[in-house]
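Chemist: A single structure is presented below for examination.
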Amino acid sequence: MNIASGSDIKLADLAGMGLAELRKEWSKHFGAPPKLRSPELLGLMLAYRLQAAAEGGIDVDLRRTLRRPSAGKTSSVLTPGTRLAREWQGVRHEVTVECDGRVRWQGQNYRSLSEAARAITGSRWNGPRFFGLRAGQP
11 MNIASGSDIK LADLAGMGLA ELRKEWSKHF GAPPKLRSPE LLGLMLAYRL QAAAEGGIDV
71 DLRRTLRRPS AGKTSSVLTP GTRLAREWQG VRHEVTVECD GRVRWQGQNY RSLSEAARAI
131 TGSRWNGPRF FGLRAGQP
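Everything in the sequence shown is counted per the numbering used here, starting at 11 for the first residue and increasing by one.
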């Protein structure tokens, strides 16, 4: 399949081209080539540009969406084996995240950091905040 109308180049052909050939193809279709020294990267860029020229590329709304900063949350899942430490009333407390997601403190398993924090302090706490993982840490 030809990539761009009127082009005799195929996408599979790009993978076998050297840097000089890729630059020549780029110049033929888009003007001065980028100053890259990686044939792999230039090949990928050329393939994208040729496909975008043939198919119309990314529409304006999608481009605008992609440029906006993400408002999503980052993952709050802790990796098994993670150790969190906190000093509470002069005593250092350390919890370990287990493989099943539970939290171990002093040989006891808890369903969450909040449960472990409650066991340590005797009162309700936001567990991630208690262990310094959230803003407003104690």
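No residue lacks a Cβ here, since even glycine has one placed at the ideal position from N, Cα and C. Values in this document were obtained by computation on a predicted structure and should not be read as measured data.
DSSP state of L94, grouped into three classes?
Modeler: Sequence index remark: in the sequence shown, residue 94 carries index 84 (1-based). Three-state result, L94: strand.
Chemist: Counting C-beta neighbours from all protein chains within 10 Å, is the total for G132 16 or more, i.e. buried, or is it exposed?
Modeler: As a first step, residue 132 is located in the sequence shown; it is residue number 122 there, counting from the start. Under this definition G132 is an exposed residue.
Chemist: Taking C-beta to C-beta, are P49 and L21 nearer than 9 Å?
Modeler: Your numbering for residue 49 matches position 39 in the sequence shown. Your numbering for residue 21 matches position 11 in the sequence shown. Not a contact, by the Cβ cut-off of 9 Å.
Chemist: By DSSP's criteria, E104 is part of a beta bridge. Which residues make up the other side?
Modeler: Here the question's residue 104 lines up with position 94 in the sequence shown. Answer is A95, bridged to E104.
Chemist: What's the C-alpha gap between P90 and V113?
Modeler: Within the sequence shown, residue 90 is the residue found at index 80, counting from 1. Within the sequence shown, residue 113 is the residue found at index 103, counting from 1. Each residue's Cα considered, the two are about 9 Å apart.
Chemist: Is it true that the region 113 to 128 meets the region 137 to 145, where meeting means three or more beta-carbon pairs spaced less than 8 Å apart?
Modeler: yes
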